[in-house]
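Undergrad:
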Amino acid sequence: MTEKTYFASDALEMDSQVTSCVPAGEDRFHVTLSATLFHPQGGGQPSDRGTINGVAMLQAVQDGDRLIHITDAPLAIGPAHLQVDAALRALHTRYHSAGHIIGLAGEKFGWLGVKGNHKPGEGRIVFEAAAPAAPVTIEAIGAEAAALAQRGGSRVMYEAEGKRMVSWGDLKPYACGGTHVQNSAEIGAIRILKVKEKKGQLSVQYELDS
Ligand SMILES: [Zn+2]
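Residue numbers (the numbering used here): 1 to 210.
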């Protein structure tokens, strides 16, 4: 099993060990590591990218207990230096963190976030009504999200019943395995692009400065 170092660390570089490497189609290899900093795709957050011993790591995927790193060249079993693409991680982290803030903003209007896509260009949070829910406008949820991001402040992380809880300042925490900005101010402006209510679900599209 791979130790998920990214779970407790914001580090972007570390030494690890390649424990296996198998071919997986043309110019693709599935690599496992003793410990990893690469956040896999999951919970609406896209995968990190980066390098392992200078070889491009294109995507990290959770496969049951295993965490597979897809590379474009083979790697020898043994010592491995990991480098996470810092700019991409920072962007994913801001988009994912904005998802928390928009989720909290939706709750103010009686909506509960049920899923999210935090991929830049596709940012979207889907809510279901925790009856009775109030109608939401772009302006109203945008103003609420801005106020929450400003109020938040420093990141707070702790374990509760085996789950990692994440929040900023005194904002309500969510159980989450994603990556999060150290201060909610780092998210920057959250632009709500579209709000659509259909069949009891509310969909909120958003974007951030890139
Ligand atoms: Zn999160």
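By construction, the Cβ of each residue, glycine as well, lies at the ideal position given by its N, Cα and C atoms.
Out of Gly200, Asp209, Ala175 and Pro79, which has the shortest C-alpha to C-alpha gap to Ala185?
TA: Nearest option by C-alpha distance: Asp209.
Undergrad: Helix, strand or coil for Gly78? Go by DSSP, reduced to three states.
TA: Reduced to three states, the DSSP call for Gly78 is strand.
Undergrad: State yes or no: is the C-beta of Val156 nearer than 7 angstroms to some heavy atom of ligand 1?
TA: No.
Undergrad: Are the CB atoms of Thr32 and Ser16 nearer to each other than 8 angstroms?
TA: No, they are not a contact pair.
Undergrad: Taking any heavy atom of ligand 1 as the mark, which residues have a C-beta closer than 5 angstroms to it, listed down the chain?
TA: Checking every Cβ against the heavy atoms of ligand 1 under 5 angstroms gives Cys176 and Gly178.
Undergrad: If you measure between the beta carbons of Gly60 and Asp48, is that distance less than 8 angstroms?
TA: The sequence shown places Ala at residue 60, rather than the Gly named in the question. Taking 8 angstroms as the Cβ cut-off, Ala60 and Asp48 qualify as a contacting pair.
Undergrad: In terms of alpha-carbon separation, which member of Ser20, Arg155, Gly110 and Leu88 lies closest to Asn174?
TA: Note that residue 174 corresponds to Tyr in the displayed sequence, not to Asn. It is Arg155.
Undergrad: Between which two residues does the beta strand (DSSP E) holding Ile190 run?
TA: Residues Ile190 to Lys198.
Undergrad: Can you name the start and end residues of the beta strand (DSSP E) that Ile101 belongs to?
TA: It is not in any beta strand (DSSP E) - Ile101 instead sits in the alpha helix (DSSP H) that spans Ala86 to Lys108.
Undergrad: Residue range of the beta strand (DSSP E) that Arg171 falls in?
TA: Residue identity differs from the one stated: residue 171 is Leu in this sequence, not Arg. Here Leu171 belongs to no beta strand (DSSP E), and DSSP marks it neither H nor E.
Undergrad: By Cβ distance, which residues of its chain are closer than 6 angstroms to Thr19, with the 5 residues on each side in sequence left out?
TA: Closer than 6 angstroms at the Cβ level, and outside the excluded window around Thr19, lie Thr32 and Ser34.
Undergrad: If you reduce the DSSP assignment to three classes, tell me which class Gly152 lands in.
TA: Gly152 falls in the helix class under three-state DSSP.
Undergrad: At the level of alpha carbons, what is the spacing between His69 and Gly113?
TA: In a straight line, the C-alpha of His69 is about 30 angstroms away from that of Gly113.
Undergrad: What residues match up with Ser20 in a beta bridge as DSSP calls it?
TA: According to DSSP, which records beta bridges pairwise, Ser20 is partnered with Thr32.
Undergrad: List the residues that DSSP assigns as beta-bridge partners of Glu159.
TA: The partner list for Glu159 (beta bridge, DSSP) reads Arg164.
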